[in-house]
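According to the working numbering, the sequence shown holds residues 18 to 373 in order.
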Amino acid sequence: MKGMMKAQVLERIRHYEYKEVPIPEINDDEVLVKVKYCGICGSDWGSYTGKYADEVECIPLITGHEVYGTVAEVGKNAQGINVGDRVTYDICITCGTCYHCRIGQPLLCSNFKQIGIHTDGGFAEYVKVPWKNIYHVPDEVTDEQAAFVEPLTACLNASHKMECEIGRSVVVIGAGLGIMHAQLAKLRGAAPVIVTDADPYRLEIAKKVCADYVINVREKDPVEEVMRLTGGIGADFVLEAVGNSKTYEQAFKMVRKGGKVEAFGICAEDDFASLPPVEFVTSEKKISGSCAGISYDWADALNLIRYKRVDPMPLISAIVPLEQLEETVNEIRTNHKLIKVLVSPQTHERVNFYED
Ligand SMILES: [Zn+2]
Ligand SMILES: [Zn+2]
């Protein structure tokens, strides 16, 4: 499709330029998606502020990777995809030939790229995607819910790695995307599910949606409180969804002997946490991590929303027009009522789903 489109181009660190750029040209193996929504992710703040060196190298770039849209153009080799189809897509591009790909760990691919993080993404009217990455959105899933599929895939991957069994206790540190982690823990039969945060508004949502207990870390010591709620044993699983070395240290303290800390929150590259190695040995504490969703996670996420096992809507706080991206990315740092914000090139008015 020839022509120009509106896009937010991250021209340099802390500067988006809202401008006209050419519509991406697709090859025979690609599909052009007309963006209806693109969610703002914590990692967009990372790209914007230049937190990660490998991402800075990609600037200038159109960021944005949590996309729902409709198919605008289809490459010759694409199968089962038609113009107008409602879609979302796996953002991971892997090489298939490196060591990690060949032993079945494609998320660790040595040539790993993600659409909207390393290549042009969804803060634009159109984005191009390899046709094999496309997933159709079922009728039962709304446009807004479909924009939450990518963050849900990341949570799902963490849930797989954590391997929580029915009846085990789970603490989720952080009531942002953490609320989705808590929903998945509950779905796996975890009991109790405990969520910690410093923000009463977010804790209230966590409580309403799924948490058995919430802990306001401004009012109570979270480690002591988790110990109390678990009869002095500690939690079977603690998932860190903040990305702070202090909360990682907390997680390690509140997990029981033999329990596991699941690392999800992304710290800066030069952040370090101090963990007593003796507890890996004598207490058999474990840590695993997970960085994103990939392939089948997309189908799973769509099914979980379609069959109402999880609902992302309590986490979607607002829809803003594409032209307001930069101010919104900054506003998210201070307005704690903004959990997930969807950006749309198809609207000119902001809609809030929360009360002031
Ligand atoms: Zn994301
Ligand atoms: Zn690879």
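Yeah, the Cβ is synthetic: ideal placement off N, Cα and C, and Gly gets one too.
All values derive from a computational prediction rather than experimental measurement.
To the nearest angstrom, report how far apart D253 and G276 are at their CA atoms.
5 Å
By the three-class DSSP mapping on this structure, what secondary structure does V144 have?
strand
Considering only residues of the same chain and omitting the five flanking positions on each side of A335, which have a CB-CB separation below 7 Å?
L355, V358, R367, V368, N369, F370
Over the uninterrupted alpha helix (DSSP H) stretch that includes D61, give me the two end residues.
59 to 66
Nonlocal neighbours in the same chain, by C-beta distance under 6 Å from V38, ignoring five residues either side:
Close CB contacts of V38 within its chain, under the 6 Å cut and outside five residues either way in sequence, are with A24 (chain order).
For A213, is the classification buried or exposed, using 16 other Cβ atoms within 10 angstroms of its Cβ as the cut-off for buried?
Here residue 213 is Thr; the residue named in the question, Ala, does not match the sequence. The residue in question, T213, is buried, as its Cβ has 16 or more Cβ neighbours within 10 Å.
Whether H198 touches V189 by CB criterion (8 Å):
yes
In DSSP terms, what S361 is bridged to:
Per DSSP, P338.
Hey, how far is the Cα of K51 from the Cα of Y152?
Cα-Cα distance, rounded: 14 Å.
Leaving aside the five residues before and after M18 along the sequence, list all residues of the same chain whose C-beta is less than 7 Å from its C-beta, in chain order.
I40, L49, A89, E90
Whole-angstrom C-beta distance between L256 and A175, which should lie under 8 Å
7 Å
So what's I304 in DSSP terms, helix, strand or just coil?
strand
If we ignore side chains and look at the alpha-carbon of each, how far apart do A95 and V146 end up?
Whole-angstrom Cα-Cα distance: 11 Å.
Just to confirm before moving on: does the CB-CB distance between E286 and Y69 stay below 8 Å?
Yes, they are a contact pair.
Considering only residues of the region 134 to 187, which uninterrupted beta strand (DSSP E) runs meet the minimum length of 3 residues and lie entirely inside it, listed in chain order?
143 to 147, 151 to 153
Can the beta-carbon of E167 be found closer than 8 Å to that of I79?
In this structure, I79 does not lie closer than 8 Å to E167 by Cβ.
Assigned exposure category for A223 - 16 Cβ within 10 Å defines buried
buried
Which of helix, strand or coil does DSSP assign to M271?
helix
Pick out whichever of G81, R205, T159 has its Cα sitting closest to the Cα of I134.
G81
Which residue or residues does DSSP assign as beta-bridge partners of Y106?
I151
For T264 and Y218, the rounded distance between their alpha carbons:
20 Å
Please report the straight-line C-alpha distance between V100 and Y324, rounded to a whole angstrom.
If I take the Cα positions, the gap works out to 26 Å.
Terminal residues of the alpha helix (DSSP H) in which A199 lies:
Per DSSP, A199 belongs to the alpha helix (DSSP H) from 195 to 204.
For a test of the three-state rule: what should DSSP assign to T351, helix, strand or coil?
coil
For K130: DSSP bridge partner residues:
I110
Run of the alpha helix (DSSP H) containing K17, from where it starts to where it stops:
Look at the range of the chain in this structure, 18 to 373, and you will see that residue 17 is not part of it.
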